[in-house]
Amino acid sequence: MPPILQKMASFDAQMRLLVPRKVSEDDKLIEYDALLLDRFLDILQDVNGPEIKETVQKCFELSGMYSETGGCGDRQKLEELAELLNSLDAGDSIVVASSFSHMLNLVNLAEEVQIALRRRVQHAKKWEIGDENSALTESDMEETFRRLVKQLDKTPAEIFEALKNQTVDLVFTAHPTQSIRRSLLQKHSRIRSCLSQLYEQNVTSDEKHELDEALQREIQAAFRTDEIRRSPPTPQDEMRAGMSYFHETIWNGLPKFLRRVDTALRSIGINERLPYNVPLIQFSSWMGGDRDGNPRVTPEVTRDVCLLARLMAANLYFAQIDDLMFELSMWRCNDELKERVIKLESSTRKEAKHYIEFWKHIPPSEPFRVLLGDMRDKLYNTRERMRQLLANGRSDIPSDDTFTDASQILEPLELCYRSLVETGDKPIADGSLLDFMRQVSCFGLSLVKLDIRQESERHTDAIDAITTHLGIGSYRDWSEDQRQEWVLSELRGKRPLFGADLKMTDEVKDVLDTFRLIAELPPDCFGAYVISMATSPSDVLIVELLQRECRVPKPLRVVPLFEKLADLESAPAALSRLFSIDWYLNRINGKQEVMIGYSDSGKDAGRLSAAWYMFKAQEELVEVAKQYGVKLTMFHGRGGTVGRGGGPTHLAILSQPPDTINGSLRVTIQGEVIEQSFGEEHLCFRTLQRFTAATLEHGMHPPISPKPEWRKVMDSMALVATEEYRSVVFQNPDFVSYFRTATPELEYGRMNIGSRPSKRKPSGGIESLRAIPWIFAWTQTRFHLPVWLGLGGALAHALQSDPSSIVILHRMYNQWPFFRVTLDLVEMVFAKGDPRIAALYDSLLVSPELKPFGAELRRKYEETRSLLLKVAGHEDVLAGNPTLKQRLRLREPYITVLNVQQAYTLKKMRDESVKLTARQNGQPGKPAKRTTELVTLNPKSEYAPGLEDTLILTMKGIAAGIQNTG
Numbered sequence: 001m002p003p004i005l006q007k008m009a010s011f012d013a014q015m016r017l018l019v020p021r022k023v024s025e026d027d028k029l030i031e032y033d034a035l036l037l038d039r040f041l042d043i044l045q046d047v048n049g050p051e052i053k054e055t056v057q058k059c060f061e062l063s064g065m066y067s068e069t070g071g072c073g074d075r076q077k078l079e080e081l082a083e084l085l086n087s088l089d090a091g092d093s094i095v096v097a098s099s100f101s102h103m104l105n106l107v108n109l110a111e112e113v114q115i116a117l118r119r120r121v122q123h124a125k126k127w128e129i130g131d132e133n134s135a136l137t138e139s140d141m142e143e144t145f146r147r148l149v150k151q152l153d154k155t156p157a158e159i160f161e162a163l164k165n166q167t168v169d170l171v172f173t174a175h176p177t178q179s180i181r182r183s184l185l186q187k188h189s190r191i192r193s194c195l196s197q198l199y200e201q202n203v204t205s206d207e208k209h210e211l212d213e214a215l216q217r218e219i220q221a222a223f224r225t226d227e228i229r230r231s232p233p234t235p236q237d238e239m240r241a242g243m244s245y246f247h248e249t250i251w252n253g254l255p256k257f258l259r260r261v262d263t264a265l266r267s268i269g270i271n272e273r274l275p276y277n278v279p280l281i282q283f284s285s286w287m288g289g290d291r292d293g294n295p296r297v298t299p300e301v302t303r304d305v306c307l308l309a310r311l312m313a314a315n316l317y318f319a320q321i322d323d324l325m326f327e328l329s330m331w332r333c334n335d336e337l338k339e340r341v342i343k344l345e346s347s348t349r350k351e352a353k354h355y356i357e358f359w360k361h362i363p364p365s366e367p368f369r370v371l372l373g374d375m376r377d378k379l380y381n382t383r384e385r386m387r388q389l390l391a392n393g394r395s396d397i398p399s400d401d402t403f404t405d406a407s408q409i410l411e412p413l414e415l416c417y418r419s420l421v422e423t424g425d426k427p428i429a430d431g432s433l434l435d436f437m438r439q440v441s442c443f444g445l446s447l448v449k450l451d452i453r454q455e456s457e458r459h460t461d462a463i464d465a466i467t468t469h470l471g472i473g474s475y476r477d478w479s480e481d482q483r484q485e486w487v488l489s490e491l492r493g494k495r496p497l498f499g500a501d502l503k504m505t506d507e508v509k510d511v512l513d514t515f516r517l518i519a520e521l522p523p524d525c526f527g528a529y530v531i532s533m534a535t536s537p538s539d540v541l542i543v544e545l546l547q548r549e550c551r552v553p554k555p556l557r558v559v560p561l562f563e564k565l566a567d568l569e570s571a572p573a574a575l576s577r578l579f580s581i582d583w584y585l586n587r588i589n590g591k592q593e594v595m596i597g598y599s600d601s602g603k604d605a606g607r608l609s610a611a612w613y614m615f616k617a618q619e620e621l622v623e624v625a626k627q628y629g630v631k632l633t634m635f636h637g638r639g640g641t642v643g644r645g646g647g648p649t650h651l652a653i654l655s656q657p658p659d660t661i662n663g664s665l666r667v668t669i670q671g672e673v674i675e676q677s678f679g680e681e682h683l684c685f686r687t688l689q690r691f692t693a694a695t696l697e698h699g700m701h702p703p704i705s706p707k708p709e710w711r712k713v714m715d716s717m718a719l720v721a722t723e724e725y726r727s728v729v730f731q732n733p734d735f736v737s738y739f740r741t742a743t744p745e746l747e748y749g750r751m752n753i754g755s756r757p758s759k760r761k762p763s764g765g766i767e768s769l770r771a772i773p774w775i776f777a778w779t780q781t782r783f784h785l786p787v788w789l790g791l792g793g794a795l796a797h798a799l800q801s802d803p804s805s806i807v808i809l810h811r812m813y814n815q816w817p818f819f820r821v822t823l824d825l826v827e828m829v830f831a832k833g834d835p836r837i838a839a840l841y842d843s844l845l846v847s848p849e850l851k852p853f854g855a856e857l858r859r860k861y862e863e864t865r866s867l868l869l870k871v872a873g874h875e876d877v878l879a880g881n882p883t884l885k886q887r888l889r890l891r892e893p894y895i896t897v898l899n900v901q902q903a904y905t906l907k908k909m910r911d912e913s914v915k916l917t918a919r920q921n922g923q924p925g926k927p928a929k930r931t932t933e934l935v936t937l938n939p940k941s942e943y944a945p946g947l948e949d950t951l952i953l954t955m956k957g958i959a960a961g962i963q964n965t966g
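Numbering (the numbering used here), first residue to last: 1 to 966.
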């Protein structure tokens, strides 16, 4: 045993001093957390021995004592922790990293159970305003309806009408931010369930014993499961993981939520149910359709993903029809159903016409089952046809014997519903049958509609190949006016543009084959065609032309995605020019969708500037749409982290500019956010409720528009913030080298958490790096630079420019939702940050000449934090949110251990890389100079045993602790 362990005092006695206090009477978080960790430490000792358990406890103790010092920074405790971690052999190092990673996952589970408990308590108390989940941060349907009626003078009829015309489309994306393997997520779900049941009332002692055994079993199973993905997932793997949420929670969660909407409507006097075909909630996906920068998403992959989704839908429908056949066993039916069933039976029996006449007077004893049985047979054929197409690319089952459109399923279900209502069985009709009709209406035969996304330059390459083939010049060299003129002339004409003799690169062939695939598959497989890096009207028009040229029978709606600041600024003019084209205005039939990207805009200019420019762009885009009589739907490309537009759903929606939602909203659900939103049935319910209630409230009670003086302040602040951010990130010659040495950005790919490369161009710099690894790297070191950089300079400029500016900033914070949400989210990130940890990475990894650069950034961090608190009027971060503060404090000691272990592991790996590079360069005895360009981490290079696994485990653990990857 290391000497340091021999000095250990009583762990339990010291740990009590480090545990945060309860924040309310119904706070059981500490209790839940203690139980899970106690079980885990017992398992750790049984599996790996008492010495490892003592080592883990000592690491936690030292880290906790360091964390307790706050901003003072007890370097001695950090050094003792580093000494202990560095004394471990390879095997023990892996076990310690894995232990802290698992313990952070258990902390997360304890928090989720606590949140669920508090919501039940709040619901029983009829919503206590001022609590952490009050109407300011949460969305309860009944409370929202009542608030709209009582406080805002909206009539129940107006609310009902608004709901019937409202659509929220949640778009699942496969961005690589879910660091936890699916097998572990399932075990975590069972742990969460056991913990919840243990604390339920009326649980007997025998049941508690059995639940405790089950809890220990699941914790041990999770600990013994390899956390590390040994190979990257394919796009099909990502799609299967995403679609599993539909089977596990969303399929049953949707009708339960819609029933709650019905109940909430009754509470305000609406005794009519929401019609089954109201598109209140819709689901789409990018998994297998997002080919922007992902060479692994091919037309073949897209085809497989679409067929797989249809197979999953057929399986769900088949099981539901089976259940309905047991439920709808009654014999009474109306004449319409009787006649349909007679025809079905006669066609089956192939009897003469007199058989039909005879059975008109003597109906079948179970008519619903006859009709549903016919549907079940067709669903069986539908399912088997999908299986065959997936396996062989062809099927011997005729499409006529299958369902090819959701309306073919809904029509007989509607007939059953009408019959039940007409014969006095409406309560039965409003049971499982209504639920199923709502499910079919929402999910269709494709389960989700797949968006296709491609970069605008790839379309330009395809059109350039065509114009060159036609001998009319290079499309790429034409001006925007020339491009529009030619594309519109072709759109108005009918001639084919190319044949089999078109010479094309592999990239161009991929683009054209994708459009041909869209033409081949059923139209209901697809949603929108999203153009990333869109800048001009021609970017949209050439996609329309390619759809026509490849004979897409029902063209997809084309959605330009504006991401960078310059694109956001020019977006309103581009949209106005697009709408001024008669051909296009007739094509869209009064509806247009525009996507705004939070990730690349934040990477381009920093969080504050990106948020403000997106706010203004939305306002201007809506005004342009109004001028042309077009209903505009904003598609928000939000990530999970604050740096990529993440944050509480309710606040994010209510802080949008007035008139920018109007009952129609699309938003991406990315990476680990999918698990956080849909991993459990109660999470699914909360997510659907939040989006629906907040969208309704924004439409019926829009937030206030910013006052002219507020706009003036924000404009000047955004200019200063952008200048400061870019002066550091893009103009400082030391930044790239510092970033790549001070963070684990170069090692990101080792986690194998996504199918897509981390860069759009392998040889590019920061500008080509995707936003996810950009945010991930800074999150791992607890520095969060993309979120706060630029804000400090902007606030300092605003405070110095006018003595009364602090009063204006206070008003903006207290009265303007957009400004308050923006600052509150940054404050939350500061609560997760620790510049002392970032300094540790610098001390170990950064060259001496770059250390002053890191010190200057940390000075800016502290200055920004101080200015933010001054404007918000807070003494300390999260002073007004003790619950969140408690949660973050509870997990901090675990994260700090992993930070220290990661920093030292990175140093060891990089030192070995330098030596390896030197040997490869023929200099075996001379260590190479450490430069970003020289050192590339080759996955095949050999490191000391355990280093790579330890690094990956620390990455996963920190991601779990911060509750964000990218």
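Think of the CB as a built atom: it goes at the ideal place given N, C-alpha and C, for glycine as much as any other residue.
If the criterion is Cβ atoms closer than 7 Å, does the pair A528 and C550 meet it?
Along the sequence shown, one-based indexing puts residue 528 at 528. Along the sequence shown, one-based indexing puts residue 550 at 550. Taking 7 Å as the Cβ cut-off, A528 and C550 do not qualify as a contacting pair.
Taking 7 Å as the threshold (C-beta atoms), are I775 and F172 in contact?
Counted from its first residue, the sequence shown places residue 172 at position 172. Counted from its first residue, the sequence shown places residue 775 at position 775. The answer is no: Cβ separation not under 7 Å.
Give the C-beta separation of A721 and L568 to the nearest angstrom, bearing in mind that I take them to be a contact with Cβ-Cβ under 8 Å.
Within the sequence shown, numbered from 1, the residue matching residue 721 stands at position 721. Within the sequence shown, numbered from 1, the residue matching residue 568 stands at position 568. About 15 Å separates the beta carbon of A721 from that of L568, a gap too long to meet the 8 Å contact definition.
Can you grab the Cα-Cα spacing for the pair E490 / E455, in whole Å?
Position 490 of the sequence shown, counted from the start, is the residue given in the question as residue 490. Position 455 of the sequence shown, counted from the start, is the residue given in the question as residue 455. So the two alpha carbons sit approximately 22 Å from each other.
In three-state terms, what does DSSP make of R666?
Within the sequence shown, residue 666 is the residue found at index 666, counting from 1. Residue state for R666 is assigned as strand, using DSSP reduced to three classes.
So if DSSP puts Y529 in a beta bridge, which residue, or which two residues, is it bridged to?
Taking the sequence shown and counting its residues from 1, the one referred to as residue 529 is at position 529. The bridge partners DSSP lists for Y529 are I452, V558.
Rounded to a whole number of angstroms, what is the C-alpha to C-alpha distance between Q320 and F436?
Residue mapping note: residue 320 aligns to position 320 of the sequence shown, counting from 1. Residue mapping note: residue 436 aligns to position 436 of the sequence shown, counting from 1. In a straight line, the C-alpha of Q320 is about 7 Å away from that of F436.
Is it buried or exposed, D377, if we count other Cβ atoms within 10 angstroms and call 16 or more buried?
By 1-based counting over the sequence shown, the position of residue 377 is 377. By the 10 Å Cβ count, D377 comes out exposed.
Who are T633's beta bridge partners in DSSP?
Counting from 1 along the sequence shown, the entry for residue 633 is found at position 633. Bridge partners of T633: E593.
According to DSSP, D967 sits in a beta bridge with which residue or residues?
The chain is shown from 1 up to 966; residue 967 falls before or after that span and cannot be answered.
So, A839 versus T781, is the Cβ gap smaller than 7 Å?
Locating residue 839 in the sequence shown gives position 839, counting from the first residue. Locating residue 781 in the sequence shown gives position 781, counting from the first residue. No.
Would you give the residue range spanned by the alpha helix (DSSP H) that D876 belongs to?
Along the sequence shown, read from residue 1 onward, the residue named residue 876 stands at position 876. Careful: D876 lies outside any alpha helix (DSSP H) and carries neither H nor E.
If you measure between the beta carbons of R690 and T660, is that distance less than 7 Å?
If you number the sequence shown from 1, residue 690 lands on position 690. If you number the sequence shown from 1, residue 660 lands on position 660. R690 places its beta carbon 7 Å or farther from that of T660.
Please state if the CB of P537 and the CB of L585 are separated by a distance shorter than 7 Å.
Here the question's residue 585 lines up with position 585 in the sequence shown. Here the question's residue 537 lines up with position 537 in the sequence shown. No; because the gap between Cβ atoms is not below 7 Å, this pair is not in contact.
Continuous beta strand (DSSP E) stretch holding T173: start and end:
Start at 1 with the first residue of the sequence shown, and residue 173 comes out as number 173. That run of the beta strand (DSSP E) goes 167-173.
Give the C-beta separation of A605 and L565 to the nearest angstrom, bearing in mind that I take them to be a contact with Cβ-Cβ under 8 Å.
As a working mapping, residue 605 is identified with position 605 in the sequence shown. As a working mapping, residue 565 is identified with position 565 in the sequence shown. Contact between A605 and L565 is confirmed by a C-beta separation of about 5 Å, below the 8 Å threshold.
Would you check if the stretch 399-416 and the stretch 431-449 touch, i.e. whether three or more CB-CB distances between them fall below 8 Å?
They touch, by the three-pair rule.
Would you mind giving the Cβ-Cβ distance between D539 and H459, rounded to the nearest angstrom? I have them listed as a contact below 8 Å.
Numbered from 1 along the sequence shown, position 539 holds the residue referred to as residue 539. Numbered from 1 along the sequence shown, position 459 holds the residue referred to as residue 459. Right, the Cβ-Cβ distance comes to about 7 Å (below 8 Å), so this counts as a contact.
Could you please give the first and the last residue of the uninterrupted alpha helix (DSSP H) stretch that includes F60?
What you label residue 60 is simply residue 60 of the sequence shown in a count that begins at 1. Residues 50-68.
Residues near I466 by beta carbon distance below 6 Å, same chain, minus five either side
As a first step, residue 466 must be located in the sequence shown, where it is residue number 466. Contacts found: L497, F498.
If you drop the 5 nearest sequence neighbours on each side, which residues of the same chain put their C-beta closer than 6 Å to that of V624?
On the sequence shown, position 624 is the one that residue 624 refers to. Cβ neighbours of V624 beyond the five flanking positions: P572, L575, S576.
Since M386 contacts L258 with CB under 8 Å, what's their CB separation in whole angstroms?
On the sequence shown, residue 386 is found 386 positions in, with the first residue counted as 1. On the sequence shown, residue 258 is found 258 positions in, with the first residue counted as 1. About 27 Å; that fails the 8 Å criterion.
Can you tell me which residues form a DSSP beta bridge with F145?
Position 145 of the sequence shown, counted from the first residue, corresponds to residue 145. In DSSP, F145 forms no bridge with anything.
N- and C-terminal bounds of the beta strand (DSSP E) containing S284
Your numbering for residue 284 matches position 284 in the sequence shown. Per DSSP, S284 belongs to the beta strand (DSSP E) from 281-285.
Going along the chain, which residues of its own chain have a beta-carbon closer than 7 Å to the beta-carbon of Y380, five neighbours each way excluded?
Translated into positions along the sequence shown, residue 380 becomes position 380. Around Y380: F318.
According to DSSP, simplified to helix, strand and coil, what is L996?
In the structure displayed, the chain extends from 1 to 966; residue 996 sits before or after that span and is not available.
Closer than 6 Å by C-beta to T741: which residues in its own chain qualify, once you throw out the five before and the five after it? Chain order, please.
Counted from its first residue, the sequence shown places residue 741 at position 741. Setting aside the 5 residues that flank it on each side, T741 is surrounded in the same chain by L845, V846, each with a C-beta closer than 6 Å to its C-beta; the list follows chain order.
Three-state class that DSSP yields for W331 in the structure shown:
Position 331 of the sequence shown holds residue 331. Coil at W331, not helix or strand.
Looking only at its own chain, which residues have a Cβ that is under 7 Å from the Cβ of P657, when we skip the five neighbours before and after it?
Mapped onto the sequence shown, residue 657 falls at position 657. So the list reads F615, Q618, E619, once near-sequence residues are dropped.
Expressed to the nearest angstrom, what Euclidean distance is found between the alpha-carbon atoms of A903 and L106?
For the purposes of this step, residue 903 is identified with residue 903 of the sequence shown, where counting begins at 1. For the purposes of this step, residue 106 is identified with residue 106 of the sequence shown, where counting begins at 1. Just so you know, the alpha carbons of A903 and L106 end up roughly 24 Å apart.
Straight-line Cα distance separating R39 from Q439
Residue 439 sits at position 439 when you count from the first residue of the sequence shown. Residue 39 sits at position 39 when you count from the first residue of the sequence shown. Going by the C-alpha atoms only, they are around 41 Å apart.
With 16 other Cβ atoms within 10 Å as the buried cut-off, status of K626
Position 626 of the sequence shown holds residue 626. For K626, the number of other beta carbons within 10 angstroms of its own is below 16, and it is reported as exposed.
Which residues in the same chain as E480 place their Cβ atom closer than 7 Å to its Cβ, once the five residues preceding and following it in sequence are excluded?
Within the sequence shown, numbered from 1, the residue matching residue 480 stands at position 480. Same-chain partners within the cutoff: S536, S538.
Between T779, L867, V370, F853, which lies nearest to L795 when the distance is taken from Cα to Cα?
For this step, residue 795 is matched to residue 795 along the sequence shown. L795 has its Cα closest to that of L867, out of T779, L867, V370, F853.
Touching or not, the stretch 209-216 and the stretch 245-264, by the rule of three or more beta carbon pairs under 8 Å?
With the cut-off at 8 Å, the stretch 209-216 and the stretch 245-264 do not touch.
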